[in-house]
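Numbering (this note's numbering), first residue to last: 149 to 524. Beta carbons are placed, not taken as given, at the ideal position from N, Cα and C, and that holds for glycine. Shown next, in structure tokens, is the structure this report addresses.
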Amino acid sequence: MSRSIALRTFRADAANTAINDPATPRSCYTRLRRCSLWLLFAAFYLLPWLRWNGHQALRFDLPARRLDLFGWTLWPHDLGWLLLTLFAAAVALALATTLGGRVWCGFACPQSVWSHAFAWLERRCAAWPAAARHLVWAALALWTGISFVGYFAPIADLIARLHPFAWSGGETFWVLFYALSTWGNAGFLRSQVCRYLCPYARLQPLLCGRDTPLIGYDAMRGEPRGARACDQGSVAQRGRRLLDAGTARDYALRASIARRACKGGDRGEALAAYAGTLPTFTDTQLGDCVDCGACVDACPAHIDLRDGPHYACNACGACVDACDRSMDRHGFAHGLLRWAAASAIERQPRRWRRPRLLAAAALLLAALLAALLAAG
Numbered sequence: 149m150s151r152s153i154a155l156r157t158f159r160a161d162a163a164n165t166a167i168n169d170p171a172t173p174r175s176c177y178t179r180l181r182r183c184s185l186w187l188l189f190a191a192f193y194l195l196p197w198l199r200w201n202g203h204q205a206l207r208f209d210l211p212a213r214r215l216d217l218f219g220w221t222l223w224p225h226d227l228g229w230l231l232l233t234l235f236a237a238a239v240a241l242a243l244a245t246t247l248g249g250r251v252w253c254g255f256a257c258p259q260s261v262w263s264h265a266f267a268w269l270e271r272r273c274a275a276w277p278a279a280a281r282h283l284v285w286a287a288l289a290l291w292t293g294i295s296f297v298g299y300f301a302p303i304a305d306l307i308a309r310l311h312p313f314a315w316s317g318g319e320t321f322w323v324l325f326y327a328l329s330t331w332g333n334a335g336f337l338r339s340q341v342c343r344y345l346c347p348y349a350r351l352q353p354l355l356c357g358r359d360t361p362l363i364g365y366d367a368m369r370g371e372p373r374g375a376r377a378c379d380q381g382s383v384a385q386r387g388r389r390l391l392d393a394g395t396a397r398d399y400a401l402r403a404s405i406a407r408r409a410c411k412g413g414d415r416g417e418a419l420a421a422y423a424g425t426l427p428t429f430t431d432t433q434l435g436d437c438v439d440c441g442a443c444v445d446a447c448p449a450h451i452d453l454r455d456g457p458h459y460a461c462n463a464c465g466a467c468v469d470a471c472d473r474s475m476d477r478h479g480f481a482h483g484l485l486r487w488a489a490a491s492a493i494e495r496q497p498r499r500w501r502r503p504r505l506l507a508a509a510a511l512l513l514a515a516l517l518a519a520l521l522a523a524g
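Structure below.
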């Protein structure tokens, strides 16, 4: 039996709050992704060629059991200091996740960066034959493998021994292994690695809370969703108040269940029977979500964030750009999908003194102090 829910609104004094303030500019996340891609590509491909005091600036010399790091030389007895530094980096990642969400996944993770690069090449070579596209992919993957081995062997000598070919068996294996891994992961698996293989994706919900910024859907403004004529105006333009958080979440949940039921299956039908169908709304009652599906189509993992946070979302921001373009077409304000904490989306104050945040900050401080003492 369907349950009818009244169109309750958010408190009157907060009507239209944060609706008229545009969120990120159009294609902001695309520009950030491109900047991070070029910076990380430049660092990865150029660092093996950088010289420092006559030596390679960064090199892991495994036969000599030494690490050259911008003039520093680390030996096996420095392993404790190095492990503490790595631990501090891991804690810093956890702290950054607690403070800023999955910024690492979206803009700095090698899997995401190389996947975006391969996807960009795929779009640029869309008119080419498939063999030509794979040849371009293979060239980038092979150079990636050579650059990777260049961190363990002098890269200038490695290039010099290409003709005539005089690589060792180990060098040949690792160049080909890393090239094939790059070609397979960035060319084919892409977001499937984040969804099924990455352990950080599983740990991320433990590090995030309601006050952690993530890409989220403003259901209070967007629900109830639905198609309408382009001249109807936004929630702010029509003077319709924001829904209260409970009603907005209920509408979003039931819309998600209805979509699953349309796909068929006993589970979808059972959920639809339990939740009930949504009431029929007039155009003046609809929220700003036009249910165009552009956000899902733009997502590399095809996630619908209107259903709530998802562990496989790497916060690349493609859905935000797609939603903002849809809002532009209808003359609505940006920010229906945006990078914000759940508490901010529901118009609640953000808490800074949180157990996860304080614990991560204390661990990072302790790790840095221990590393400094070990280095001294």
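Residue i - DSSP class collapsed to helix/strand/coil
{"i": "W487", "result": "strand"}
{"i": "H203", "result": "strand"}
{"i": "Y326", "result": "helix"}
{"i": "R214", "result": "strand"}
{"i": "L310", "result": "coil"}
{"i": "D209", "result": "strand"}
{"i": "W262", "result": "helix"}
{"i": "L391", "result": "strand"}
{"i": "T525", "result": "Residue 525 lies beyond the stretch modelled for the chain, which goes from 149 to 524, so this question has no answer here."}
{"i": "F321", "result": "helix"}
{"i": "Q340", "result": "helix"}
{"i": "Q380", "result": "coil"}
{"i": "S150", "result": "Unreliable placement is indicated for S150, whose pLDDT of 40 sits below 50; no coordinate value is reported for it."}
{"i": "S316", "result": "coil"}
{"i": "L452", "result": "One detail in the question is off: residue 452 reads as Asp in this sequence, not Leu. Coil."}
{"i": "P347", "result": "helix"}
{"i": "C471", "result": "helix"}
{"i": "P173", "result": "Any reading at P173 needs caution, since the residue's pLDDT is 39, under 50, leaving its predicted position unreliable; the model's value is listed next. If DSSP states are grouped into helix, strand and coil, P173 belongs with coil."}
{"i": "P457", "result": "coil"}
{"i": "A163", "result": "Confidence at A163 is low in this model, with a pLDDT of 32, below 50, so its placement is unreliable and the value that follows should be read with caution. In this structure, A163 counts as coil in the three-state DSSP scheme."}
{"i": "V438", "result": "coil"}
{"i": "R499", "result": "coil"}
{"i": "L480", "result": "The question names Leu, yet the displayed sequence has Phe at residue 480. Correct three-state label for F480: coil."}
{"i": "R373", "result": "coil"}
{"i": "D226", "result": "helix"}
{"i": "D359", "result": "coil"}
{"i": "C183", "result": "helix"}
{"i": "L198", "result": "coil"}
{"i": "A447", "result": "Note that residue 447 is Cys in the sequence shown, not Ala. In this structure, C447 counts as coil in the three-state DSSP scheme."}
Rounded Cβ spacing between residue i and residue j (contact assumed at less than 8 angstroms)
{"i": "A349", "j": "Y459", "result": "5 angstroms"}
{"i": "A256", "j": "L188", "result": "7 angstroms"}
{"i": "V284", "j": "V323", "result": "Incorrect: roughly 18 angstroms between the Cβ atoms, too far for contact."}
{"i": "D436", "j": "F480", "result": "5 angstroms"}
{"i": "A489", "j": "P361", "result": "5 angstroms"}
{"i": "L434", "j": "G374", "result": "5 angstroms"}
{"i": "V438", "j": "S474", "result": "7 angstroms"}
{"i": "C443", "j": "C471", "result": "5 angstroms"}
{"i": "A492", "j": "R498", "result": "6 angstroms"}
{"i": "R207", "j": "W223", "result": "No, R207 and W223 are not in contact; Cβ-Cβ is about 14 angstroms, not under 8 angstroms."}
{"i": "A400", "j": "A449", "result": "Incorrect: roughly 19 angstroms between the Cβ atoms, too far for contact."}
{"i": "A446", "j": "A242", "result": "That pair is no contact at about 29 angstroms."}
{"i": "L511", "j": "V251", "result": "Contact flag wrong, Cβ pair sits at about 19 angstroms."}
{"i": "G370", "j": "L231", "result": "The pair is not a contact, with the Cβ atoms about 47 angstroms apart (cut-off 8 angstroms)."}
{"i": "G465", "j": "I307", "result": "Contact doesn't hold; Cβ gap of about 37 angstroms is too wide."}
{"i": "R504", "j": "L355", "result": "6 angstroms"}
{"i": "L198", "j": "A190", "result": "With a Cβ gap of about 11 angstroms, L198 and A190 do not count as contacting."}
Beta-bridge pairing of residue i - partner residues as DSSP gives them
{"i": "G465", "result": "In DSSP, G465 forms no bridge with anything."}
{"i": "G364", "result": "R486"}
{"i": "T556", "result": "Only positions 149 to 524 of the chain appear in this structure, which leaves residue 556 out of reach."}
heavy atom of the ligand GTP below 7 angstroms from residue i C-beta
{"i": "D436", "result": "In the structure on display, the ligand GTP does not appear, and there are no ligands present to speak of."}
With contact counted as at least three CB pairs below 8 angstroms, one residue from each stretch, are the region 386-402 and the region 275-283 in contact? The answer is no - the region 275-283 does not touch the region 386-402, with fewer than three Cβ pairs under 8 angstroms.
Would you call the region 459-471 in contact with the region 339-357, where contact means no fewer than 3 C-beta pairs closer than 8 angstroms? Touching, per the Cβ criterion.
Does the region 371-391 come within contact of the region 507-519, defined as at least 3 CB pairs closer than 8 angstroms? No contact exists between the region 371-391 and the region 507-519.
Kindly confirm or deny that the region 262-278 and the region 297-314 touch, where touching means at least three C-beta pairs closer than 8 angstroms. A contact between stretches requires three or more CB pairs, one per stretch, nearer than 8 angstroms, and the region 262-278 fails this requirement with the region 297-314.
Mind listing, in chain order, the continuous alpha helix (DSSP H) runs of no fewer than 4 residues lying wholly within the region 230-306? Counting only runs of 4 or more, we get 251-255, 258-272, 278-297.
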